Amino acid sequence: MSEVKSSSEEEQFHLPAADSFFQRWRLIKDQWVRYGVVAGGLGVIGAVVLIFFYLLYVVLPLFYAAESAFVDHYEVPGKNLGETAFLAMEEQNEVAVRFTKNGQVIFFKVQDGEVLKTETLAAPEQAEIISYAQGSLNKGVIAFGLSNGQVLVTKHDYKISYPNDVRVITPHLEYPLGEQPLTLDPQGRSLQALAIRVDEDQSTLAAKTADGQVVMSSFIREESLFDDEEGFERTDAVLEAAGDEIDFILLDKDQRNLYLADAAGTLTFVDVGDKGRPVIKHKQQALPLNETITSLEFLNGELSLLVGSSSGTVSQWTLVRDEQNRSGLQMIRSFKVSDSAIAKISAEQRRKGFVAIDDKNLLGIYHSTAERELIKEKIADHAPVALALSPRANAFLVEAADHKIHFWEVDNEHPEVSMSSIWKEVWYESYPKPDYIWQSSSASNDFEPKMSLTPLVFGTLKAAFYAMLVAIPLALMGAIYTAYFMAPSMRQLVKPTIEIMEALPTVILGFLAGLWLAPFVEENLVGIFSLLMIVPLAVIVFAYFWQYAPKQIRHKIPEGWDAAVLVPVIILGACLAFALSGGIEAVFFNGDMRVWMQNEFGIGYDQRNSLVVGLAMGFAVIPTIFSIAEDAIFSVPKHLTTGSLALGATPWQTMVKVVLLTASPGIFSAVMIGFGRAVGETMIVLMATGNTPVMDLSIFQGMRTLSANIAVEMPESEVDSTHYRVLFLAALVLFMFTFVFNTLAELVRQNLRQKYSSL
Amino acid sequence: MIKEWFKSGSPWVWLNAAAVSTSLILVVGLLLLIAARGLGHFWPADIVEYQYLENGQETVVIGEELEESLLPAQQAKENGYQLLNNAEFLEQRLLKVGNRDLTGMDFRWVQTQYIQQQQYPEELVMIERREWGNFYGRLLAVKENGKIVGQGEQAFQAAQDRLEQALDLFEEIEQLQKSEVGAINYGLERLRLKQRSLELKDQWNAQSEQDFALQRAEYDKQYQTLQQQLADLYQKIRRDSLVVKAANGQQMDIALEKVVRILQPNAMSGVEKTLEYGATFIEFVTAEPREANTEGGIFPAIFGTIMMVMLMAVIVTPFGVIAAVYLREYASQGIVTRMIRIAVNNLAGVPSIVYGVFGLGFFVYILGGNIDQLFYPEAAPAPVFGTPGLMWASLTLALLTLPVVIVSTEEGLARIPKSIREGSLALGATKAETLWRTVLPMASPAMMTGLILAVARAAGEVAPLMLVGVVKLAPTLPLDGNFPFLHLDRKFMHLGFHIYDVGFQSPNVEAARPLVYATSLLLVMVIIGLNMFAIKIRNHLREKYRALEG
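Residue numbers (the numbering used here), protein chains in the order written: chain A, 1 to 759; chain B, 1 to 550.
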């Protein structure tokens, strides 16, 4: 800068007047260019940092703790109408409903408890309500069991209209099985515990009578062909000796499994697939002797039971098939809420989460799959009477014994993910044992998302491993020869060819691997393996006899062109390998290696497997490793090698003892970068594997990698959903992985360069 | 003896040499494989006719032979085949029999042992259709408005003449529908958006309502005239049809409007076939795809790739060059440059799919979403830039190829002798002037190299594009005659994705495979061409500066 300034001063001296502005303008321009260029240069770091932080910014909400906020509390609406049996809220958290133990229905505003509407269920005069049950939570069905063996079934529903562009929610009651009470027990015994599931076509009710029998009725809707009249086909059954004391009855939404429980802790699973003939399949003591069941609810999907105990734990039980294919109840995890009895449990309607509240009104929100405790709050001083969780699980109501309803809001976006659900084995519902599974989405709300990244990381490493198995020997040996032994004229041909190899689009490699190589390998499996033996052997044998070949022939090939001579040898060797493969297969493998493997070792064969991926991705990685390694070997200072040769070492000894040793950091960094590339490669694995996320080391099985998984699922995932963020997490994992490898490799390389320049 | 030979290490040297040879064989073999399969696709193959006797039933099979397979007798028996005359092998041939509308399948395996007779009659025709794939069989007659105008020997010539006319008409219809009707629809959509925009700004009044109604009426009038023209053309093109007979003796009519090409390959000479080959290839490169991309051309994919790559080049060049200039000319070689180099290496090493994820989240949803809110409130809830599209794809790939340009430019800058810079500074130029007037012009071939390599890389990259804007079938090109001509928000087609999509996602993979090979060949040729060009420039540059230094 200083020279520039002085020269401009001098110019001013010679050329006065008009140019002084021009001179200043030049300097200003110079400064601006400097700022611009510096900003641009630092922008590159900025870009890397931006990518990292943006990925992190999307991923982090997965791990935020949930938050809850107290909104208001108010007197129980319609307090004089009776004690609460159930509380429920509608979707928008505007209207809630309270069903009393004597059959009153009170709709009220969630915000301030203002009563909107009151209705009375038409119970027969001489009967009273003994028990009550809820249908599937998302359907809003409530049933009351009467002392005369009858059941009242109703349903709360909401109509949304937009008069003057303002949302108005109008609650009303419906009667899915008719407004009149249904007679469940013809003998007219009092119904002490009740379960109900109502569906479009089929509805089932089950109840425990006063003398300990379980009666069950199923109604199948029948539409008459001739008129619009509907009827029900009714099937009745009685389950004898189900247990002396049954306190809880639950029926799943498919109306196939009935669960009975007594307070002492015995769970009974009854198969009611055949409605006329229920069968007790399994009995299980769920709790230690001194504890009792205080609450029993389904988790969303109604595949597992949540058992609340007097000791303050909630345990999850699900039906698991054993080796003999018998279903039995099995505890898969439990949550400790507090030391006092669990009073109420309410499951979320769209996720596998639930809320549990204990006697002392301590409330916890949990997620079963992730095994996460998201929130723990003391709601009130008095014991809870009723608990309602909104359908979107973003608010809840708790009624306490002092006749106050407490309204809370919850912010709990991503409870499904925890470190343990992503990386560790998880015991999913209906699975025989804990496992690593990736199965992210399904159309139904009941589905339990299985988002374990472990099988994907495993698949990624497996694919990269087989690719490296192919690439490392070929690339490194090729680099050694090209850099050290090859004639310069041939090197000038080889290097661009390898560069073109690097430029080949991976989509083409993947396409060839999937549609050409995979069937080829399947047909010529033995040929591929015999190739590994025969070709090197052929090369050695050829080399041995080459030294005895007539001089005229040998001298035609200039020094350092050996590789060119070998081309026909290798092609012939490969042809020989494939020609022999039929014979080998017939002699050693009974004519078909795949069948033989299946019979002898039980090794299955996928057409698109790791071997195909290894070959194709190995091909893609060879040039990366080759170029960097070749560079490192070639730039080993010449005086080292000449010194070694002068001391009498053979070229090969010089290579191994001097050159490779000096260049080893460069070779290491070449392998690192190659590995990074194999880990991140998408199209080849996407096209050349079956993309099934299995964890199997076998070379004949496929895999799904992190990158292919992103490519497959990202376009379909909903923005900002848990699935979307988990896919970003997968991208972040890939980013970190390659970041570490590349940075390491680059540091090693920079050091090596300094070392060379000092040698 | 042998022991000594091993001790000398020369077997290891030979094995190392074998690794190089293997790599070379793999590259060349791969290219040959693609070339052979890709080029074969356009050759008008002969049509064979078999008298085929299977299980006592005699049938005629007509089709193109594709490949043969030999199955050892034992395996064939295990798979439930019968072998005549105790043959050692079961020989099978794969035929493309076409006529998907009649038989439901395009391909068929026949066993040579059942072939009674095999001939190549000259009168067999291959008719390439717009629907249902190819037809193979005999041409019986040509009809005009249901009346036969050519029969027997003259039928083929008559069909050829009329086909030419039909193809012209078809092109005219396409032209009208695509550009004229398309322009009207585009205009109407813009009117709707403008109206919505005025409404949002509370400037919508009786005056503008009247204006808009007038404009709409104008468009409507144009549309009516066009409809009339189209109806006339349709009537003309539907005039002619062909009467054909398939291998199983079934006769049917094929409307000439559905026909792309009629050939009698068995009657064609080598020269004719070569000409036909050229014509088919040109059609492949310039035509629109048909039948869920499994037939026809790949023009939109080529066009989309070029557009995307050009936009990307415009974005990446300045940034790449500035970063390289900073590294070489401005930064003092210390911790900062070291970090930048690590950053550049990381940019180069980060998996491309991660760029896709970043592009989707950051560019599309954050940048695009905000642009929509600020500038296109009238389009809501439909996104304009808040959805994957051409611009975001180019930006994402620009980020992805940035290191390529940086590394290459830096190399070029490093090769410029110091004396040149010092000379310029000594003459009183500022650093910026030195850079602009001497250094950058000298480094321009290096930048060019970087740019070409970046373009080659971008043209072959698919994974990130799948997330940020590529679709299997784009209804409109990103560049057309409607203002503002270049539509950065549109989705586009891409050669690489086309290969993936047609090869793996299409309903009829078998039939589409030759087309995929042809597309691959095109893509490989473009990329290799670009790379060779870049290597050539680089080598030339190295020579030049070596001379300068000396």
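Glycine included, C-beta positions come from ideal geometry on N, C-alpha and C. Computed from a predicted model, the values in this text were never measured in an experiment.
- Across the segment 455-473 of chain B, CB contacts with chain A closer than 9 Å involve A456, R457, A459, G460, E461, V462, A463, P464, M466, L467, in sequence order along the chain.
- Interface annotation for the segment 733-759 of chain A against chain B: L734, F735, T738, F739, F741, N742, T743, A745, E746, L747, Q750, criterion Cβ-Cβ distance under 8 Å.
- For A/A503, the nearest beta carbon of chain B is closer than 7 Å to its own beta carbon.
- Identification of chain A residues near B/L24 by a Cβ-Cβ cut-off of 8 Å yields V494, T497, A563, V567, ordered along the chain.
- Those residues of the segment 84-106 of chain B placed with their C-beta closer than 7 Å to a C-beta in chain A do not exist.
- Under the 7 Å criterion on CB atoms, B/A379 is classed as non-interfacial with respect to chain A.
- Considering only A/S368, A/S315, A/V115, A/K344, the residue with the shortest C-alpha distance to A/A386 is A/K344.
- Counting only Cβ-Cβ distances below 9 Å, A/S707 has contacts in chain B at P351, S352, I353, V354, A463, in chain order.
- When the five nearest sequence neighbours on each side are left out, the beta carbons in the same chain lying within less than 7 Å of the beta carbon of B/R238 are those of A255, E257, in order along the chain.
- Taking the Cβ atoms as the reference, B/I302 lies roughly 20 Å from B/L451, outside the contact range of under 8 Å.
- Not a single CB atom of chain B sits nearer than 7 Å to the CB of A/R608.
- Inter-residue distance for B/A247 and B/R100 is about 12 Å (C-alpha atoms, whole angstroms).
- Spatial neighbours of A/Q439 in its own chain (CB-CB distance under 6 Å, excluding positions within 5 residues in sequence) are listed in chain order as K450.
- Remark: C-beta atoms of A/I667 and A/A620 do not approach each other more closely than 7 Å.
- Ranked by how close their Cα comes to the Cα of B/K3, the residues A/F634, A/S627, A/Y544, A/M597 have A/Y544 in first place.
- Nearest CB-CB separation between A/M714 and chain B: below the 7 Å threshold.
- Fewer than three beta-carbon pairs drawn from the segment 651-664 of chain A and the segment 688-703 of chain A are found closer than 8 Å, and the two stretches are therefore not classed as touching.
- With the criterion set as a beta carbon lying under 8 Å from some beta carbon of chain B, the members of the segment 652-685 of chain A are W652, Q653, M655, V656, I673, G676, R677, V679, G680, E681, T682, M683, in sequence order.
- For the 7 Å CB-CB criterion, A/A133 and A/I220 do not form a contact.
- Assignment of B/V260 by DSSP, reduced to helix, strand and coil, places it in the strand class.
- Between the beta-carbon of A/A475 and that of A/F626 there is about 4 Å, and that keeps the pair under the 8 Å contact cut.
- Taking 8 Å as the Cβ-Cβ cut-off, the segment 61-86 of chain B approaches chain A at P72, Q74, Q75, given in chain order.
- From the listed residues B/I420, B/G296, B/D106, B/F156, the smallest Cα separation to B/L440 is found for B/I420.
- Just so you know, the alpha carbons of B/A456 and B/I340 end up roughly 24 Å apart.
- For B/P72, the enclosing beta strand (DSSP E) begins and ends at 57-72.
- Within the segment 295-325 of chain B, F319, I322, A323, V325 place their CB atoms closer than 7 Å to a CB of chain A, listed in sequence order.
- Here DSSP, grouped into helix, strand and coil, assigns A/Y54 to helix.
- Only L399, L402 from the segment 390-405 of chain B bring a Cβ to less than 8 Å from some Cβ of chain A.
- Under a criterion of Cβ atoms nearer than 8 Å, the residues of chain A adjacent to B/Y330 are, in order, R34, V37, V38, G41.
- For A/F485, the nearest beta carbon of chain B is closer than 7 Å to its own beta carbon.
- Close partners of A/R24 in chain B (Cβ separation under 7 Å) are lacking, with about 12 Å as the shortest Cβ gap.
- Cβ atoms of A/T650 and B/G9 come within 8 Å of each other, at about 5 Å.
- For A/L362, the three-state secondary structure derived from DSSP is strand.
- Between A/P505 and B/L523 the beta-carbon gap is near 6 Å, inside 8 Å, which marks them as a contact.
- Note that the C-beta distance between A/L205 and A/L184 is below 7 Å.
- Boundaries of the beta strand (DSSP E) around A/W317: 313-321.
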